[in-house]
Structure formats: structure tokens, C-alpha cells
Amino acid sequence: GEDVEQSLFLSVREGDSSVINCTYTDSSSTYLYWYKQEPGAGLQLLTYIFSNMDMKQDQRLTVLLNKKDKHLSLRIADTQTGDSAIYFCAESVMDSSYKLIFGSGTRLLVRP
Amino acid sequence: GAVVSQHPSWVICKSGTSVKIECRSLDFQATTMFWYRQFPKQSLMLMATSNEGSKATYEQGVEKDKFLINHASLTLSTLTVTSAHPEDSSFYICSARDRVTSGFSTDTQYFGPGTRLTVL
Chain B
1 GEDVEQSLFL
11 SVREGDSSVI
21 NCTYTDSSST
31 YLYWYKQEPG
41 AGLQLLTYIF
51 SNMDMKQDQR
61 LTVLLNKKDK
71 HLSLRIADTQ
81 TGDSAIYFCA
91 ESVMDSSYKL
101 IFGSGTRLLV
111 RP
Chain P
1001 GAVVSQHPSW
1011 VICKSGTSVK
1021 IECRSLDFQA
1031 TTMFWYRQFP
1041 KQSLMLMATS
1051 NEGSKATYEQ
1061 GVEKDKFLIN
1071 HASLTLSTLT
1081 VTSAHPEDSS
1091 FYICSARDRV
1101 TSGFSTDTQY
1111 FGPGTRLTVL
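Residue numbers (this note's numbering), protein chains in the order written: chain B, 1 to 112; chain P, 1001 to 1120.
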């Protein structure tokens, strides 16, 4: 079955870059997503990448996709304290359900 | 655009009562809505997929008689937790799939802010 894995915790200093990694198992996934969740809140879509792309950049966010290794990463440049949150990667399931399979989430802590 | 609301944002109820949670897509039509639950410091677990005008599809291990889902229109889905017990206490999040953009340049789910249910 589908499985998505992430490291649980990352701590960086303000101004540094953060890199959050994710591995997935379903090679037929069409889209891969990054969501951000702040305490007590729902999920905010940060960015997504189509499976035939290697890289996507959107302001401070860079997504890299290695389809051969089924590895996805999210790089946040110039990390700010407001970036402290939980980051979830998710893959879409390639059937008629369009459901998402989420990773366990990476808690990012940005130290001043 | 692409705003999803949930109501209520939090609810406290007594054991044995039923609780209804609403999920609305405010500025788009949602062919499909999804219901998740999230335990503290854990990931989102998909409970069911709700399609407008048809019965919901439940994930393995989710009791359909316990968690009633109704998707009466393209902008509203409801989740009713029947005969709630303390172990049903959780954060319930819905998401909605945008009918217009689905299948074209993107296929995106937009998430509601979540409803925190506490059963005493």
C-alpha cells in the first residue's frame, strides 16, 4: 500500500535554509504536495509538484523531486520564526478517489 | 479564493450525545470532500471520502454507523459523530476538491480550519 515517511523534527537558526525531506512509495502518484499546519489550525497548501517535474520554485520555497528514488524535499530559504510549524508532504492516490496520503509531519523549529 | 470553513471550530459534549460538524466550500463547488481526524502530534488519518449526491466511501476500520457523512450539495458536507465517547475526542479536519480546477492544471484539496471535539 501507499506509505509516506518524513523525519519528525528539524531545528534551524533564523536566516538559515531549512530542508525537509519526504519519501513515498506510490510511483504512480501524479501530484505531490507540501502543506503547513500551525498549532490548532487546519492545513495550508504551500506548494505542489507534478510528477513529471524535477524542481519547482515559488519565492522562498523550492521543491525537488527525485522520482527514481521516490524522494521529495522542501527547501525554505531565509527561514523566519513565522515558518515554525508542522510540514506535511502528501501524495495523491492514482485511482478515482483523489485521496491524499500524508506523511507523519516534520516539526520545524526556527530559533532566533 | 478556495476557502473552506468548518463549524463549529470546537465543541465539548457529554458522552452518548451526537455532534454534527459542517464543512463548507465558500467560493467554489466541491465534487468531493474528505474527512480526516488528527490525534495530538500525529498525522492526518483519512476517515472517508464524500461525493455529492452519493454515499460516502469509508476507509478501513472507520465505522460508518458511528461517523455519518452527508454531502447534500456541492458546497456542504456534514460529519455526525453519533453516540460520542471520550475516545472520539480528536481534531476533525475536512478538505474539499475544487470542481473547476480538478483534472486540469492542478488537482488540489483545500482544507478547513478543523474542529476540535472533546467528549467528556
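Just so it is clear, CB atoms sit at the ideal spot from N, CA and C, and this is done for glycine as well. Fair warning: this is a prediction, and the values are worked out from it, not measured in the lab.
Alpha carbon of residue i to alpha carbon of residue j, nearest angstrom
{"i": "SER1015 (chain P)", "j": "PRO1086 (chain P)", "result": "7 angstroms"}
{"i": "THR1082 (chain P)", "j": "ARG60 (chain B)", "result": "44 angstroms"}
{"i": "THR1031 (chain P)", "j": "ARG13 (chain B)", "result": "42 angstroms"}
{"i": "PHE102 (chain B)", "j": "PHE1111 (chain P)", "result": "13 angstroms"}
{"i": "VAL110 (chain B)", "j": "PHE88 (chain B)", "result": "17 angstroms"}
{"i": "MET1033 (chain P)", "j": "THR1108 (chain P)", "result": "11 angstroms"}
{"i": "ASP83 (chain B)", "j": "LEU1079 (chain P)", "result": "32 angstroms"}
{"i": "SER1009 (chain P)", "j": "LYS1041 (chain P)", "result": "19 angstroms"}
{"i": "LEU46 (chain B)", "j": "LYS36 (chain B)", "result": "6 angstroms"}
{"i": "THR106 (chain B)", "j": "GLN1060 (chain P)", "result": "26 angstroms"}
{"i": "ARG75 (chain B)", "j": "ILE86 (chain B)", "result": "14 angstroms"}
{"i": "ASP3 (chain B)", "j": "THR25 (chain B)", "result": "6 angstroms"}
{"i": "VAL63 (chain B)", "j": "LYS70 (chain B)", "result": "13 angstroms"}
{"i": "PHE1104 (chain P)", "j": "MET53 (chain B)", "result": "With a pLDDT of 45 at PHE1104 (chain P), under the threshold of 50, the modelled position of that residue is not reliable, and no figure is offered here."}
{"i": "PHE1039 (chain P)", "j": "ALA1056 (chain P)", "result": "22 angstroms"}
{"i": "ILE20 (chain B)", "j": "LYS68 (chain B)", "result": "18 angstroms"}
{"i": "PRO39 (chain B)", "j": "ASN66 (chain B)", "result": "30 angstroms"}
{"i": "MET1047 (chain P)", "j": "THR81 (chain B)", "result": "33 angstroms"}
{"i": "SER1073 (chain P)", "j": "PRO112 (chain B)", "result": "47 angstroms"}
{"i": "SER27 (chain B)", "j": "LYS1020 (chain P)", "result": "37 angstroms"}
{"i": "HIS1007 (chain P)", "j": "THR1115 (chain P)", "result": "7 angstroms"}
{"i": "ALA1002 (chain P)", "j": "TYR48 (chain B)", "result": "16 angstroms"}
{"i": "ALA77 (chain B)", "j": "SER1043 (chain P)", "result": "25 angstroms"}
{"i": "SER92 (chain B)", "j": "HIS1071 (chain P)", "result": "22 angstroms"}
{"i": "GLU5 (chain B)", "j": "ARG1037 (chain P)", "result": "18 angstroms"}
Beta carbon proximity, residue i to chain B, threshold 9 angstroms
{"i": "LEU1046 (chain P)", "result": "yes"}
{"i": "GLN1029 (chain P)", "result": "no"}
{"i": "TYR1058 (chain P)", "result": "no"}
{"i": "PHE1104 (chain P)", "result": "With a pLDDT of only 45 at PHE1104 (chain P), under 50, the local geometry of the prediction cannot be trusted, and no value is derived from it."}
{"i": "PHE1111 (chain P)", "result": "yes"}
{"i": "PHE1039 (chain P)", "result": "no"}
{"i": "ILE1021 (chain P)", "result": "no"}
{"i": "VAL1004 (chain P)", "result": "yes"}
{"i": "SER1015 (chain P)", "result": "no"}
{"i": "PHE1067 (chain P)", "result": "no"}
{"i": "GLY1114 (chain P)", "result": "yes"}
{"i": "ILE1093 (chain P)", "result": "yes"}
Presumed contact (8 angstroms Cβ cut-off) between residue i and residue j, rounded CB distance
{"i": "LEU10 (chain B)", "j": "SER18 (chain B)", "result": "6 angstroms"}
{"i": "CYS1013 (chain P)", "j": "VAL1119 (chain P)", "result": "6 angstroms"}
{"i": "VAL1004 (chain P)", "j": "ALA1084 (chain P)", "result": "Not a contact, Cβ separation roughly 23 angstroms."}
{"i": "LEU1117 (chain P)", "j": "SER1077 (chain P)", "result": "With a Cβ gap of about 16 angstroms, LEU1117 (chain P) and SER1077 (chain P) do not count as contacting."}
{"i": "ILE1093 (chain P)", "j": "LEU43 (chain B)", "result": "7 angstroms"}
Check: residue i C-beta below 8 angstroms from any heavy atom of the ligand NAD
{"i": "LEU1079 (chain P)", "result": "No copy of the ligand NAD occurs in the structure displayed, which carries no ligand at all."}
Minimum Cβ-Cβ distance from residue i to chain P less than 9 angstroms
{"i": "GLN44 (chain B)", "result": "yes"}
{"i": "ILE76 (chain B)", "result": "no"}
{"i": "ILE101 (chain B)", "result": "yes"}
{"i": "SER104 (chain B)", "result": "yes"}
{"i": "LEU72 (chain B)", "result": "no"}
{"i": "ALA41 (chain B)", "result": "yes"}
{"i": "TYR87 (chain B)", "result": "no"}
{"i": "TYR24 (chain B)", "result": "no"}
Pick from the options that is closest to residue i, judged by C-alpha positions
{"i": "PHE50 (chain B)", "options": "B:LEU72, B:GLN44, B:GLY40 and B:VAL4", "result": "B:LEU72"}
{"i": "ASP16 (chain B)", "options": "B:VAL93, B:THR79 and B:LEU100", "result": "B:THR79"}
{"i": "CYS22 (chain B)", "options": "B:LYS99, B:LEU108 and B:SER104", "result": "B:SER104"}
{"i": "LEU1026 (chain P)", "options": "P:TYR1092, P:MET1045 and P:THR1075", "result": "P:THR1075"}
{"i": "LYS56 (chain B)", "options": "B:ALA41, B:PRO112, B:LEU43 and B:TYR33", "result": "B:TYR33"}
{"i": "GLN1029 (chain P)", "options": "P:TRP1035, P:MET1045 and P:GLU1052", "result": "P:GLU1052"}
{"i": "TYR98 (chain B)", "options": "P:LYS1066, P:VAL1062, P:THR1049 and P:ILE1069", "result": "P:THR1049"}
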